[in-house]
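Quick note: the sequence shown uses this note's numbering, first residue 77, plus one each step.
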Amino acid sequence: MALKILFSPSESKISLNTNDKFDGKNLIFSELFGKRAEILKRYDEFLKSANLDEIKKLFGLKELEDSEQLRESLSQKGSIKAILRYDGVAYKHLSYRGLSNDAQKYIDNNVLIFSNLFGPILAKDEIAEYKLKQGEKLAGFEISKFYEQNFSKAVDSFLENDEILDLRAKFYEKFYVVKKEFTTFCFLKNKKILSHHAKAYRGEVLRQIANAKVTNKDELMGLNFENLKLVDMKKIGLKNELTFEICD
């Protein structure tokens, strides 16, 4: 048994790559590569044929210059671990590169990220750089629904013998709904629930969990998180919600 942690991606990504070209066949759930390839093909085709305004909308950008690189196929791009590709607030606070080798391996194998383009991937899976605004449809095609319909059984099997900590933003429940007992964290500051700023604390707690190499819910409950005070616990259906007051 292990503790599997569900995590959100980030809009911000780094451009750094290894020398390896992206190959979607190497991602987790390789048996479903044919399905994942449908999305990646749609994305490539959209970038080749769409006008600049349509691409701006897909990316969630106001300013953008047309170029060959902009319309480059994913298969021509370099790749890097997903946990390094994403560079948003939560990932900055996780500070993966600053972790010990053991803590990095823990993250690599136990964190499942729900990418807006690639769907459910392991932190160690290597992905290409891409842009796709959260919730944006791909030429009218709803990506989250596609992954929910085609990948949920595989994710169920992956999580079957493990305990689950769901640190995702609520939006990513559209990609996958947990069907067994799981734990979530809620963060309060001055008795108000944090939304955007919760990203930083998700990264912080993930870093501390990795350092402690937590393997189950009991160990998770026994962890004293820095600058966080547990103030409430409640069970709602399958969800065990732990509420923390920020004490920094």
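Heads up, the beta-carbon is just placed ideally off N, CA and C, and yes, glycines get one too.
For this session: Decide if Phe-320 is buried, meaning its Cβ has at least 16 other Cβ atoms within 10 Å, or exposed.
Result: The sequence position of residue 320 within the sequence shown is 244, counting from 1. Its Cβ being crowded by 16 or more others within 10 Å, Phe-320 is buried.
Exercise. Asn-95 by DSSP, collapsed to three states: which one?
Worked result: As a working note, residue 95 is residue 19 in the sequence shown. In the three-state scheme derived from DSSP, where H, G and I count as helix and E and B as strand, Asn-95 is classed as coil.
Exercise. Three-state secondary structure (DSSP) at Tyr-167?
Worked result: Residue numbering aside, residue 167 sits at position 91 when the sequence shown is read from its first letter. In this structure, Tyr-167 counts as helix in the three-state DSSP scheme.
Problem set entry | Proximal residues to Gly-136 (C-beta, below 6 Å), its chain only, five neighbours per side dropped | What you label residue 136 is simply residue 60 of the sequence shown in a count that begins at 1. These residues qualify, in order along the chain: Lys-209.
Problem set entry | Rounded distance between the beta-carbons of Thr-260 and Met-77, thought under 8 Å | For the purposes of this step, residue 77 is taken as the residue at position 1 of the sequence shown. For the purposes of this step, residue 260 is taken as the residue at position 184 of the sequence shown. Wrong, their Cβ atoms sit about 19 Å apart, outside the cutoff.
Exercise. Just to confirm, are Phe-194 and Arg-244 a CB contact at a threshold of 9 Å?
Worked result: By one-based count along the sequence shown, residue 194 stands at place 118. By one-based count along the sequence shown, residue 244 stands at place 168. The Cβ-Cβ distance between Phe-194 and Arg-244 does not fall below 9 Å.
Exercise. Given 8 Å as the limit, is there contact between the region 114-132 and the region 174-184, that is, 3 or more CB pairs closer than that?
Worked result: With fewer than three CB-CB distances shorter than 8 Å, the region 114-132 does not count as touching the region 174-184.
For this session: Report the rounded CA-to-CA distance for Leu-79 versus Leu-241, giving the unit in angstroms.
Result: On the sequence shown, position 3 is the one that residue 79 refers to. On the sequence shown, position 165 is the one that residue 241 refers to. Cα to Cα, Leu-79 sits roughly 7 Å from Leu-241.
Exercise. Can you name, in chain order, every residue of its own chain whose Cβ lies under 6 Å from the Cβ of Lys-250, other than the five neighbours on each side?
Worked result: Residue numbering aside, residue 250 sits at position 174 when the sequence shown is read from its first letter. Cβ neighbours of Lys-250 beyond the five flanking positions: Ser-220.
Exercise. Quick one: what's got a C-beta closer than 6 Å to Tyr-206's C-beta in the same chain, skipping five residues either side?
Worked result: If you number the sequence shown from 1, residue 206 lands on position 130. Around Tyr-206, the same chain offers Leu-193 as residues with beta carbons nearer than 6 Å, after the five sequence neighbours per side are excluded.
Problem set entry | Residue burial classification, Glu-280 (beta-carbon count within 10 angstroms, cutoff 16) | Here residue 280 refers to the residue found at position 204 when the sequence shown is read from its first residue. Flag for Glu-280 reads buried.
Exercise. Are the CB atoms of Phe-301 and Ser-84 nearer to each other than 9 Å?
Worked result: Along the sequence shown, one-based indexing puts residue 301 at 225. Along the sequence shown, one-based indexing puts residue 84 at 8. Cβ atoms of Phe-301 and Ser-84: not closer than 9 Å.
Problem set entry | Residues sharing a beta bridge with Lys-80, DSSP | To locate residue 80, count along the sequence shown from 1; it is residue 4. Partner(s): Ile-240.
Exercise. For Cys-262, which beta-bridge partners are listed by DSSP?
Worked result: Position 186 of the sequence shown, counting from 1, holds the residue named residue 262. Its beta-bridge partners are Thr-319.
Problem set entry | Nearest residue (CA-CA) to Phe-105, options Asn-287, Leu-306, Asp-201, Ala-288 | What you label residue 105 is simply residue 29 of the sequence shown in a count that begins at 1. Its Cα nearest to that of Phe-105, the residue Asp-201 stands out among Asn-287, Leu-306, Asp-201, Ala-288.
For this session: Look at the alpha carbon of Ile-269 and the alpha carbon of Ile-312, and state the distance between them as a whole number of angstroms.
Result: Along the sequence shown, one-based indexing puts residue 269 at 193. Along the sequence shown, one-based indexing puts residue 312 at 236. Between Ile-269 and Ile-312, the C-alpha separation is close to 17 Å.
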